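Chains as they are written, first to last, in this note's numbering: chain A, 3 to 339; chain F, 39 to 309; chain S, 6 to 300.
Given below as structure tokens:
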């Protein structure tokens, strides 16, 4: 997609053709239509702005009561403590959810980015030409599988498959003092790591699709320059394709990250929803910002519980906005380099 | 090693030089070159001239095996350089291309790399040279490409900061740095202004004592200025494959062409 | 390599060639492994869901509701399937006109900053977590009117809108400028030009984009959890009430401990995948001449 390329009638009318004698009624109909499409265009901006406003409004009572930043400095989330009253409500710190979101996204990115870049390179430069399109469609198909199916599959197919490997890690590396802590057992199946793995599969096709477009935009004459120097295919990729694509790959990864940060149902199904505190091992159970909302939203009846979930939603929205805005800026710059 | 030029004793070698025998080339079903025969002598400049679309560039791309990279492209016939069959099954296309350098129509330096990095990129990937000697190689190559004096103070600036003519000379330096014996130039001046063109032509004359050069050009004056030998290619009708019509010393081709088609072309009546 | 080497020897003596070829082979193998892993994951998911689903699914699964006792065998997801079709149908009715309108504005009318802002934030909206969309619709709608299928439709419309706008925009951009100039030169107004020339020309691509957005909405679960809520027991076809959708039904059945409920979940997952894949395949078939991106 070309970023600033002007198209459409607007571009033509910048150099208007002499159009003679338009009737008043036609002009009226025309401007009504113009106003209508402008309005629909405005809906996009309106929805985004309304999201921020409504999430803040809903979370405001909790933010007021606990202090604006208190939730992101504490990891005590205890909606079910019995003694809660309106004046002394339960604590709602959300650091453990931010931690869960960051950790699972990180695991997903570490696995998905190299695989997606590799898959995209195969599609653009390595595979035999007639296989490129089908390969590309198949990788795209990974993005078509619904989140709830990934979660279900993760729960029943992925967890049993990775259990022997994870058990081995927890019983060897996991028993080493200090450096073994992030790999400690026991492994219940649902965990940060499992969620990260499922996320990796889910964001891989998204990153691969953007990378594919970026790699495809490498000018042919630069590839030929490399080949004419005697470069092997890998050397051609390394000197002609990848250096140009650097910011595109970063942007693609950010788009993937944005998706990972917000992914909800699959994560909720395989992370264990342990909300009480940060668990130090990646093989232990946890929760993310999105999973806690999905998991507790419809049962939030205690004072400030629902409001605190909106606070989580607000911060999630902020993170997603920042990541996605950054991604789009980087991708646009990358592709039009 | 790099200082090996000029290689003593090579002039005498009869097989030393480019010979193209009965070469035909296709894009899919479309035959673009037919029954091409050409001998480009060692350490001379040979020009290929002819109207556009006559298959000059394709011939060039058959020599360093770039033609086969186009999907559906096919080659038949023989290309030998220095007595070596370029299409020998045990010969790697990559090593052919290291031995036969190429310069393209439009300057195509790697845009993310510096002048210095562009000059040595071929050597870098070939891994033949210790890091400590890379600067030496860059200097030799850039000097031979007559660019050194203009860039020696800004070697680490991006290559795209150079003018078009400088970029093209950088591309020549990049090709030279790999230490090839044959340089193929595909209309190297077609994107350049007259002054930049003049510099490149001067440079081609200067490097001809070390390298065998084959240059494709649509500019007949350029052929007379830079080449020792000239081959004239043409197509009879649109859609026909290109053929070599006449080959000889440049002075003969332009002064006393034998074939009437050549005569018509070089005297400016056609094309 | 000696100084007097002939080209014949030099060809073969290019040193390090073996290492370079080995490296090329190794890297190529690694790249192929990346593709193999991606396709392996796809195959694993599809085959696994296929096997678990086919052992349960039957015609009656599509026409019956779950049994009152979740531990009991049999029954089906009729209420969820019907609910999904209704909720997604209404969402499509909201999102497509808005998305197409926004795209028309961006391509045919918009100028300067506003146009740039709409394009940019449309892309950003694609990346907003759908659970946040759900929470937003809860705040705007559910707090006033309660959980309902229609609330879910609004949430899905917010998910679909930017996808429709993006693909429509790209398709309109492919309409040749000459067509517009020709129409304008004949004295047609802008709106006539858009409605009679641009939109019909771009229609196949717009339909493709719309179908991909529908496929995406079919599988969405998180925002519906906060808006439609779910209703496992009986058929509710009135979108002004709490409904069931296929995705919600898969979710709730998957996370119960009852084996029979999970079995129904697999059949539901198979049904959902089938719907989504058919939509995607048909969309790609219609749009095979146009490149539609949906990320």
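Quick reminder that beta carbons are idealized off the backbone N, C-alpha and C, glycines included. Model, not experiment: these values are computed from the prediction.
- For residue 218/A, no beta strand (DSSP E) segment is defined; the enclosing uninterrupted segment is the alpha helix (DSSP H) at 194-218.
- Residue 32/S: member of the alpha helix (DSSP H) spanning 22-59, first to last residue.
- Identification of residues in the segment 236-249 of chain A having a C-beta nearer than 7 Å to some C-beta of chain F yields 237, 241, 242, 245 and 246, given in sequence order.
- Take the alpha-carbon of residue 269/F and the one of residue 58/F: they are about 12 Å apart.
- Counting other Cβ atoms within 10 Å of its Cβ, residue 183/S stays below 16 and is therefore classed as exposed.
- At least one CB atom of chain S sits nearer than 8 Å to the CB of residue 60/A.
- Listed along the chain, the chain S residues whose CB falls inside 8 Å of the CB of residue 266/A are 134, 135, 136, 226 and 227.
- The beta carbon of residue 108/A does not come within 8 Å of any beta carbon belonging to chain S, so the residue lies off that interface.
- Relative to the Cα of residue 215/F, the nearest Cα in the group 89/F, 163/F, 264/F and 202/F belongs to 163/F.
- About 7 Å separates the Cβ atoms of residue 250/S and residue 157/S, confirming a contact at the 8 Å cut-off.
- Rounded to the nearest whole angstrom, the CA to CA distance from residue 269/A to residue 155/A is 12 Å.
- With respect to the 8 Å criterion, residue 72/F and residue 281/F are classified as neighbours on the basis of their beta carbons.
- Judged by beta-carbon spacing, residue 227/S lies within the 8 Å limit of residue 266/A, meaning their Cβ atoms are closer than that value.
- Excluding residues up to 5 positions away in sequence, 263 lie with their Cβ nearer than 6 Å to the Cβ of residue 321/A in the same chain.
- Straight through space, the alpha carbons of residue 47/S and residue 146/A are spaced by roughly 10 Å.
- Boundaries of the alpha helix (DSSP H) harbouring residue 186/F: 186-189, taken from the DSSP string.
- Secondary structure note for residue 94/F: its alpha helix (DSSP H) is the uninterrupted segment 94-101.
- Of all residues in the segment 244-269 of chain F, none is placed with a Cβ closer than 8 Å to any Cβ belonging to chain A.
- Look at residue 216/F: its C-beta is under 8 Å from a C-beta on chain A.
- Look at residue 118/F here: in three-state DSSP terms it is strand.
- About 7 Å separates the Cβ atoms of residue 172/A and residue 188/A, confirming a contact at the 8 Å cut-off.
- Counting along the chain, the unbroken beta strand (DSSP E) around residue 79/F starts and ends at 68-79.
- Per the C-alpha coordinates, the member of 212/S, 231/S, 154/S and 83/S positioned closest to residue 104/S is 212/S.
- If you draw a 10 Å sphere on the C-beta of residue 118/S, you find fewer than 16 other C-beta atoms in it, and that means exposed.
- For the options 264/F, 244/F and 96/F, the alpha carbon positioned closest to that of residue 68/F is the one of 96/F.
- In the assembly as shown, residue 144/S is a buried residue. Its beta-carbon has 16 or more other beta-carbons within 10 Å.
- Residue 98/F and residue 199/A have their C-alpha atoms roughly 51 Å apart.
- Contact residues of the segment 322-337 of chain A toward chain S are 322, 323, 325, 326, 327, 329, 330, 331, 333 and 334 (C-beta to C-beta distance below 9 Å).
- With respect to residue 295/A, residue 113/S sits apart: the two C-beta atoms are not nearer than 8 Å.
- Neighbours of residue 207/F in chain A, taken as residues at a C-beta separation under 8 Å, are lacking, since the least C-beta distance is about 14 Å.
- By the C-beta density criterion, residue 264/S is exposed, having fewer than 16 other C-beta atoms within 10 angstroms.
- Within chain A, no residue has its beta carbon less than 7 Å from that of residue 119/F; the closest one is some 14 Å off.
- A distance of 8 Å or more separates the beta carbons of residue 92/F and residue 117/F.
- The straight-line gap separating the alpha-carbon atoms of residue 54/F and residue 121/F is approximately 6 Å.
- Chain S places a beta carbon closer than 8 Å to that of residue 130/F, counting this residue as a contact.
- Inclusion of residue 130/F and residue 22/S in the CB contact set at 8 Å is warranted, their separation being smaller than that value.
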